[in-house]
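Chains as they are written, first to last, in our numbering: chain A, 9 to 378; chain B, 9 to 378.
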């Protein structure tokens, strides 16, 4: 069970549906490593719990905790729609180390097990080892008794792959061209992997992501499909901010592009919060370690509202105590009047290096047609 | 999810069905501790795999492996009906540390989480610690999104509880009266726990189990219900064997008893294999350890055919290369003509201290009425 398949999803008629396709559940990890998460990961765990419970008000959630944290997680995640299971990791970013679930429109459910190397392996990865992370997708699929495609020669993270569910992918180019991931592959070869394994006809390559994003610029912090031919893009009007030219360049690229069905892309600007920086409190109580990225006072944090999560009937949106929290919420609410925008304070997750989208992974309901 | 319930199964209308009630799956662990299992547990793992595959020919199987063994277990358990998941343990006896699943005849599925102390705790337990084992039932129920009853003040193992599914339990008295388990409880109080949590009206207390059984005499090595008012009992005709008086005493007790519905108990004798003893090879390559029971050359092994497992349409029966292997198989085949008796060589499991029934746990199909 959870057979390793030798073909490709494209050849087998399986594809990655859009995030708004109905979910049967959401998967999350439970943060634990004390050289990434301050104060024994306790503030991080509280933040994950807030996110999990916000989602669980809309759909079932599975949270994967290590054997040692199982009991504590079970107590902190007490909610009728949350199940806590044992499943270990190197760090708690299931968007990236987890499976990308695929459906075939006929009730079938499978998954891609992207090769994972902690965002750059020995070249510029963020932590080591990553071998336990690289088994997470397999373990998720085993639990769900789903068959598995593995990209043994192609490194990718779910956080750099968005889809409109209608043949078009959205990725960030600087991530894939970073030499820590696939130094032996050309851009064309990588595009072919993406088309074959997420099953798409066209890939939109946004040049760069959010300034100082330690993933090298994951798309899920920069832009996402809110509708099949409409994209929301992280934006600032401050031309002195190094982020400005990144967003402007993405805007120019996307508005000049069409999706796989030939539709022009409509882009909605979503303001960024004011620049945020790491404080002394933020790094107090992080274990010294040679195996995790060091954090320093004054580091620019890659805060963005784009890193939100679409679940059944809701958008779970990061909040930072910034005036733009409500501006961003209002824009998304106008764009998706049938979804409820739920704001969850998420600075603690940001300190770990990601945000709400990075810590969630949707499992589509295979019985629902797109 | 997997709520901790405060009432009792009896009050809530949930009961433990007979082992022959249709299963939705079988649960197993994957052996790993090298101070119990010789040669890095590799022969033990092979033996578990043979058992898992034999069962998987009849029903789905879930095998729980530690994070470190997940990949190895996945390879060795390659079978379309076996899923390997991550779930840690102190030792690999899921009959004893796992949940006892309960149904209510209306589609409901719950479980009992018996307090577990490694067969006697600090008094005469077989290994320490046992805290990970004591979380196994909770973890199983969480995965299946089932609610849970916990007996915080009553220690029990599934291996000492058989049921006919019609109100009668079969247990071994010497296990429960052993002072390592429930020294503060009277026999009557223990009987009440059993009646409340397995939901029964009557408990049959077989005085003693198999000679030198390190569990203190678990019933699942000594006798089991093969039909609602019929019991198969481990037997020897050799009056010089210390087992003889144990079996004779049980025979006398059972034939003088009735079940909860007033039916006399019919007892079928199942011969034991010839006495078997630990050899030098058997203990070579077991790690020295102060936390696991020591094994010595010449120890009598508690070999029995009773320690078999009933799955959907089959009996998975221990085999030892003994002439009585086929005698036992023949008797069971005659008693259960619609089941296939499948013999699996199991000496390696026996060396670890148990047998096929000890390493399996059925999950009944709650949608099937008994």
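Beta carbons: idealized from backbone N, C-alpha and C, even for Gly.
Bear in mind that the values here come from a model prediction, so they are computed numbers and not experimental data.
Contact between the segment 59 to 69 of chain A and the segment 27 to 44 of chain A is defined here as three or more beta-carbon pairs at a separation below 8 Å; is this criterion met? yes
Does any residue of chain A bring its CB to less than 7 Å from the CB of residue 92 of chain B? The residue you call residue 92 of chain B lines up with position 84 of the second chain. So, interface residue.
Please work out which residues of its chain come closer than 6 Å, Cβ to Cβ, to residue 263 of chain A, disregarding the five sequence neighbours upstream and downstream, and give them in chain order. Taking the first chain and counting its residues from 1, the one referred to as residue 263 of chain A is at position 255. These residues qualify, in order along the chain: 275.
Under 7 Å between C-beta atoms, does residue 357 of chain A make it to chain C? In the displayed structure, chain C is absent; the protein chains listed are A and B.
Quick one: give me the first and last residue of the alpha helix (DSSP H) that residue 121 of chain B is part of. As a working mapping, residue 121 of chain B is identified with position 113 in the second chain. That residue, residue 121 of chain B, is in no alpha helix (DSSP H); its beta strand (DSSP E) goes 117 to 123.
Just curious, the alpha helix (DSSP H) that residue 132 of chain A is in, first and last residue? Counting from 1 along the first chain, the entry for residue 132 of chain A is found at position 124. Taken as a continuous stretch (DSSP letters only), the alpha helix (DSSP H) holding residue 132 of chain A covers 129 to 132.
In the DSSP assignment, what are the bridge partners of residue 308 of chain A? For the purposes of this step, residue 308 of chain A is taken as the residue at position 300 of the first chain. Answer is A/285, bridged to residue 308 of chain A.
Own chain partners of residue 259 of chain B with C-beta closer than 7 Å, once the 5 adjacent residues on each side are dropped: Locating residue 259 of chain B in the second chain gives position 251, where the first residue counts as 1. Cβ within range, chain order: 241, 275.
When you compare the CB positions of residue 209 of chain A and residue 268 of chain A, do they come within less than 7 Å of one another, or not? By 1-based counting over the first chain, the position of residue 209 of chain A is 201. By 1-based counting over the first chain, the position of residue 268 of chain A is 260. Cβ distance < 7 Å, so residue 209 of chain A and residue 268 of chain A count as in contact.
Where does residue 316 of chain A land, buried or exposed, given buried means 16+ other C-beta within 10 angstroms? Residue 316 of chain A sits at position 308 when you count from the first residue of the first chain. Label assigned to residue 316 of chain A: buried.
Is the segment 153 to 168 of chain A touching the segment 89 to 105 of chain A in the sense that three or more CB pairs, one from each, lie closer than 8 Å? yes
Nearest-angstrom Cα distance between residue 379 of chain B and residue 97 of chain B? The requested residue 379 of chain B is not part of the displayed model; chain B covers only 9 to 378.
Let me make sure I understand the geometry here. Which of A/355, A/323, A/358, A/329 has the alpha-carbon closest to that of residue 341 of chain A? Start at 1 with the first residue of the first chain, and residue 341 of chain A comes out as number 333. Checked all of A/355, A/323, A/358, A/329; the closest Cα to residue 341 of chain A is A/323.
So residue 143 of chain A and residue 79 of chain B are in contact, right, with Cβ under 8 Å, and what is the actual spacing, rounded? On the first chain, residue 143 of chain A is found 135 positions in, with the first residue counted as 1. On the second chain, residue 79 of chain B is found 71 positions in, with the first residue counted as 1. Right, their Cβ atoms sit about 7 Å apart.
DSSP three-state assignment for residue 24 of chain A, whether helix, strand or coil: Looking up residue 24 of chain A in the first chain gives position 16. Looking at residue 24 of chain A - three-state DSSP - the assignment turns out to be coil, as it is neither helix nor strand.
Determine, using beta carbons only, whether residue 15 of chain A and residue 112 of chain A come nearer to each other than 7 Å. On the first chain, residue 15 of chain A is found 7 positions in, with the first residue counted as 1. On the first chain, residue 112 of chain A is found 104 positions in, with the first residue counted as 1. Going by C-beta atoms, residue 15 of chain A is not nearer than 7 Å to residue 112 of chain A.
Is the CB-CB distance between residue 360 of chain B and residue 45 of chain B below 7 Å? The sequence position of residue 360 of chain B within the second chain is 352, counting from 1. The sequence position of residue 45 of chain B within the second chain is 37, counting from 1. Yes, the Cβ-Cβ distance between residue 360 of chain B and residue 45 of chain B is below 7 Å.
Which of helix, strand or coil DSSP assigns to residue 135 of chain A: Within the first chain, numbered from 1, the residue matching residue 135 of chain A stands at position 127. Strand at residue 135 of chain A.
Along the chain, where does the alpha helix (DSSP H) that runs through residue 146 of chain B open and close? Residue 146 of chain B sits at position 138 when you count from the first residue of the second chain. Here the alpha helix (DSSP H) through residue 146 of chain B covers 144 to 151.
Return the residue from the list A/217, A/339, A/176 that minimises the CA-CA distance to residue 199 of chain A. Taking the first chain and counting its residues from 1, one reaches residue 199 of chain A at position 191. It is A/176 whose Cα lies nearest to the Cα of residue 199 of chain A.
Are at least three pairs of beta-carbons, each pair with one atom in the segment 140 to 160 of chain B and one in the segment 81 to 99 of chain B, less than 8 Å apart? yes
Suppose you measure from the CA of residue 150 of chain A to the CA of residue 91 of chain B; what does that come to, to the nearest Å? For the purposes of this step, residue 150 of chain A is taken as the residue at position 142 of the first chain. For the purposes of this step, residue 91 of chain B is taken as the residue at position 83 of the second chain. Roughly 6 Å between the two C-alpha positions.
Candidates B/349, B/205, B/171: closest to residue 238 of chain B by CA position: Locating residue 238 of chain B in the second chain gives position 230, counting from the first residue. Comparing Cα-Cα distances from residue 238 of chain B to each of B/349, B/205, B/171, the minimum goes to B/171.
Quick one: does residue 9 of chain B have its CB under 7 Å from some CB of chain A? Numbered from its first residue, the second chain carries residue 9 of chain B at position 1. Interface criterion met: the Cβ of residue 9 of chain B is under 7 Å from a Cβ in chain A.
CB of residue 6 of chain B within 7 Å of CB of residue 229 of chain B, strictly: There is no way to answer for residue 6 of chain B, as the model of chain B reaches only from 9 to 378.
List the residues of chain A that residue 96 of chain B touches, going by C-beta distances under 7 Å, in chain order. Here residue 96 of chain B refers to the residue found at position 88 of the second chain. What residue 96 of chain B touches in chain A: 75, 94.
Cut-off 6 Å between Cβ atoms - residues of its own chain near residue 369 of chain A, not counting five sequence neighbours on either side: By one-based count along the first chain, residue 369 of chain A stands at place 361. Same-chain partners within the cutoff: 35, 102, 103, 106.
Name the chain B residues whose beta carbon is nearer than 8 Å to that of residue 151 of chain A? Stepping through the first chain from its first residue, residue 151 of chain A is reached at position 143. Within chain B, the residues near residue 151 of chain A are 91, 93, 151.
Residue from A/372, A/376, A/373, A/356 with nearest C-alpha to residue 54 of chain A: Stepping through the first chain from its first residue, residue 54 of chain A is reached at position 46. By alpha-carbon distance to residue 54 of chain A, the top candidate from A/372, A/376, A/373, A/356 is A/356.
Under 7 Å Cβ-Cβ, which residues of chain A neighbour residue 143 of chain B? Along the second chain, one-based indexing puts residue 143 of chain B at 135. Within chain A, the residues near residue 143 of chain B are 78, 79.
Between the Cα of residue 81 of chain B and those of B/56, B/375, B/68, B/65, spot the shortest distance and give me the residue it belongs to. Mapped onto the second chain, residue 81 of chain B falls at position 73. Of the candidates B/56, B/375, B/68, B/65, B/56 places its Cα closest to the Cα of residue 81 of chain B.
Chain B contacts made by the segment 151 to 165 of chain A, where a contact means CB separation under 8 Å: 151, 153
Using three-state DSSP, classify residue 206 of chain B as helix, strand or coil. Here the question's residue 206 of chain B lines up with position 198 in the second chain. The answer is coil: DSSP assigns residue 206 of chain B none of H, G, I, E or B.
What does a CB cutoff of less than 7 Å around residue 215 of chain B pick up in its chain, not counting 5 residues either side in sequence? The residue you call residue 215 of chain B lines up with position 207 of the second chain. Counting only Cβ-Cβ distances below 7 Å, and skipping sequence neighbours, we find 181, 182, 257, 258, 261.
At the level of alpha carbons, what is the spacing between residue 197 of chain B and residue 236 of chain B? In the second chain, counting from the first residue as 1, residue 197 of chain B sits at position 189. In the second chain, counting from the first residue as 1, residue 236 of chain B sits at position 228. The alpha-carbon of residue 197 of chain B is positioned some 25 Å away from that of residue 236 of chain B.
Have a look at residue 219 of chain B and residue 132 of chain B and give me their C-alpha separation to the nearest angstrom. Within the second chain, the letter at position 211 stands for residue 219 of chain B. Within the second chain, the letter at position 124 stands for residue 132 of chain B. Between the alpha carbons of residue 219 of chain B and residue 132 of chain B lies a distance of about 17 Å.
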